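In this note's numbering, the protein residues as written are 68 to 337.
Data block below; observations after.
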Amino acid sequence: MRIPIMAGNWKMNCDNEEAWQLAAAIADQVGDVQNCEMILCPPATALTTVLAAIEDTNIGLGAQNIFWEESGAYTGELSGPMLVSCGCEYVIIGHSERRGRFGAPDEDFTAELQKVFGDTDASVNRKIKAALSYELTPIVCVGELLSERQAGQTDEVVTSQVHAALDGLAADQIDLLVFAYEPVWAIGTGEVCDAGEANRVLGLIRSLLAEATSDSVAQEIRILYGGSVKPDNIVGLMQQPEIDGGLVGGAALQADSFGELISAAAASMG
Ligand code: PGA
């Protein structure tokens, strides 16, 4: 039985005061929930603040990005040991926003962000390996653009992202990963992916994981859905057999809605 995960990706939101308030309110509401692995991923500036707020709860701490070198002349970057020293146990890797994939009404802006953030399939793979070497659990994001879905390329795009993410990893490393399927067109748009379709793509990801390891290992790996997860769609998502939880943006920024998501995920354990 896979324990569900509910991970809040706060993105570039919350100064330290706001982060404290939000984390403390979440801790108050759901800090003792057992049947759901709960993760908060605040901006790096608020990691230690959030850590203090979730002390003595069942909630874990995650970062939103990692750089693969241990230290050195990499202005603005954060290494695995730094994240560990802030109390992180998880790290989101390859979020579509960091890959510069915004689904783009404004192609120029997207291209610019690709240059600024610059995550590629290759850097995602390096970051996964770095995270594992510091015993951080990677939450690896994959997902297609709207134009790719419309062109019938969803499975191809997701397959190539998963293959690239797994490149050079042994089965006992793959076993430690968490995946998140986040169709880019569903992120922050309010347009959730149909639960059955999300389940189908997660099944595809699980079959790729099985090919890279074995059926029994793939059955243990948690695969999340992300993209406009809200209290009003979480129950339908969690009813799907392949969906092991959510990677949540907007609805993770309020204690009440994030708490509802956690309760629904924990309840899905029966
Ligand atoms: P959203 O973001 O829940 O606001 O759509 C999800 C994500 O980007 O991980």
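Backbone N, C-alpha and C define an ideal beta-carbon position, used for all residues, glycine too.
Predicted, not measured: the structure shown is a model, and the values here were computed from it.
Burial state of residue i, where buried means 16 or more other Cβ atoms lie within 10 Å
i	result
Tyr141	exposed
Asp186	buried
Pro308	exposed
Ala189	exposed
Met79	exposed
Asp34	Absent from the model: residue 34. The displayed extent of the chain is 68 to 337, so no value can be given.
Gln131	buried
Ser163	buried
Gly167	buried
Asp311	buried
Met68	exposed
Gly235	exposed
Glu264	exposed
Glu249	buried
Residue i versus residue j: straight-line alpha-carbon distance, rounded
i	j	result
Ile301	Glu156	25 Å
Ala331	Gly139	43 Å
Gly255	Ala262	17 Å
Asp239	Thr115	30 Å
Asn83	Gly316	18 Å
Ala94	Gly219	42 Å
Met149	Leu118	14 Å
Val191	Phe246	12 Å
Ile290	Gly154	23 Å
Ser335	Ile70	10 Å
Glu137	Gly147	7 Å
Val224	Ile206	18 Å
Gly293	Val259	9 Å
Gly270	Ile195	22 Å
Ile133	Glu144	7 Å
Ile92	Val229	For the sequence presented, residue 92 should be read as Ala rather than Ile. Going from the Cα of Ala92 to the Cα of Val229 covers about 36 Å.
Gly98	Ile159	21 Å
Lys297	Tyr201	32 Å
Ile288	Val209	15 Å
Arg273	Ala232	14 Å
Gly303	Gly161	26 Å
Leu314	Asn76	7 Å
Ala120	Cys108	13 Å
Glu278	Gln88	44 Å
Same chain, Cβ closer than 6 Å to residue i, five either side skipped, listed in chain order
i	result
Gln96	Ala322, Gly326
Thr280	Ala238, Ile241
Ser152	none
Glu104	Ile70, Ile72
Ile106	Ala74, Gly127, Gly129, Tyr157
Sequence-distant residues of the same chain with beta carbon closer than 7 Å to residue i, five excluded per side
i	result
Gly257	Ser295
Leu243	Leu199, Thr204
Thr221	Glu211, Glu215, Val268
Ala113	Cys81, Asn83, Ala86
Residue i: CB within 7 Å of a non-hydrogen atom of the ligand NAP
i	result
Asn300	The ligand NAP is absent from the structure shown, which contains only the ligand PGA.
Same chain, Cβ closer than 8 Å to residue i, five either side skipped, listed in chain order
i	result
Gln101	Asn125, Ala333
Arg193	Trp135
Thr226	Leu271, Leu275
Asn266	Gln307, Pro308, Glu309, Ile310
Original post:
Does the stretch 276-288 come within contact of the stretch 321-332, defined as at least 3 CB pairs closer than 8 Å?
Top reply: no
Original post:
Which runs of the alpha helix (DSSP H) fall wholly inside the stretch 216-300 and span at least 4 residues, in chain order?
Top reply: 221-233, 238-241, 262-279, 282-287
Subject >> Whole runs of the alpha helix (DSSP H) within the stretch 77-162, excluding any shorter than 4 residues >> reply: 83-97, 114-121, 147-152
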